[in-house]
Each structure stands twice: as C-alpha cells, then as structure tokens.
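Quick notes on the structure that follows.
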Amino acid sequence: MQAGKPILYSYFRSSCSWRVRIALALKSIDYETIPVNLLKDGGQQFSKEFQALNPMKQVPALKIDGITIGQSLAIIEYLEETRPTPRLLPRDPKKRASVRMISDLIAGGIQPLQNLSILKEVGQEKQLAWAQKAISSGFNALEQILQSTAGKYCVGDEVSMADLCLVPQVANAER
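Reminder that position 16 of the sequence shown reads as 16 in UniProt numbering, one-by-one numbering, no gaps.
Spelled out as structure tokens, the structure:
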C-alpha cells in the first residue's frame, strides 16, 4: 500500500499541522516534514508550488500512498482508515459521533477564529478582544459537551481524534 515515505507539509505553530503530527506519531508512521513558513516572504503557502499541492493554500498537506490530502481531519480519517491501529475513532457509533462532533467544533468553530488571516480582517485594535470572545464562546460550548462525554480523555478512556484537536487548540488559545 505504501509508496515511499509520507511527506507532511507543515508549519510548526499550526494547530492543524500539530493534529496530524500527533496522529502520525501515535500510529508510528515514519514521515518526512517539509516546512511551509506561513509568515516568511508573505507566506510560503501562497507560492505556485504549494498552491499546486493544496489549492486552499493552507497547511497541513500530506502526500501519502500516491495522493495528496489537505485538511487535518480528512488526513486523520484517511490514516485511520488505512492504518487503523491504534484507533483514533472508537468502534461504538455513538462515541465515534461524539469524537467527530468535538473535532468539528474545534476545527470549524474555534480554530478558524484564531487564524491569522481572519484576525487581520478584524483589525489590529480589535483583534485581542474579538479573539478572546470567540475562543471563550467555543470553549464554553466544548466544556458543556465534555461533561457528558469525557472520561480520562475527551470521549471515554482512550485517546481519540477529538484529543488530537483539543490539545493543540488549548496551546494556541494560551498564546
């Protein structure tokens, strides 16, 4: 199935890239990293070379098994389907739905609001207050959900995709 070592296009401070790095590490997948500096030269993700790789001009992107996948959750789900151990999605459909709900809440409802390109649109003087309000709102909703799903981890007692989303996002929020 494998066609050479996977290549992860990543930025060290990107929470989305961090999710994928955690998944690759947990699944013991040896891979190569190609850094994409989101700040240098106006953002290396806007280069023609990178845009050919990922038309969304975002990290991460993973070349694996002869394909290139963008979007961290799609990458993690592909890894789960092709390299299922250890599991990052529970077998139980209700728990799996909870993992996906939490992952989507973080990836779609919290993380984009911390994105530099979004914050630039808000304006320098309003950035901090706006980001804090948006992040607080998302984390408050998440805490309510976790009250009914959490065990040792976000959903039960096994590490899941939800945890891979939460840890980098908390670190990002603390910045």
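Even for Gly, the Cβ is constructed at its ideal location relative to N, Cα and C. Note that the structure is predicted; figures quoted are calculated from it, not measured.
| Check | Outcome |
| --- | --- |
| So, helix, strand or coil for K5, using DSSP? | coil |
| Taking the alpha-carbon positions, what's the G43 to V36 distance? | 8 angstroms |
| Thinking C-alpha only, which one of S137, S47, R13 and C154 is nearest residue 176? | Outside the displayed range of the chain (1 to 175) lies residue 176, so it cannot be described from this structure. |
| Applying the 10 Å Cβ sphere with the 16-neighbour rule, what's the burial state of Q111? | buried |
| Do three or more CB pairs link the region 42-59 to the region 74-91 at distances below 8 angstroms? | no |
| Give the single residue among G156, Y9 and S14 whose Cα lies nearest to the Cα of E49. | Y9 |
| Helix, strand or coil: how does DSSP classify L89 here? | coil |
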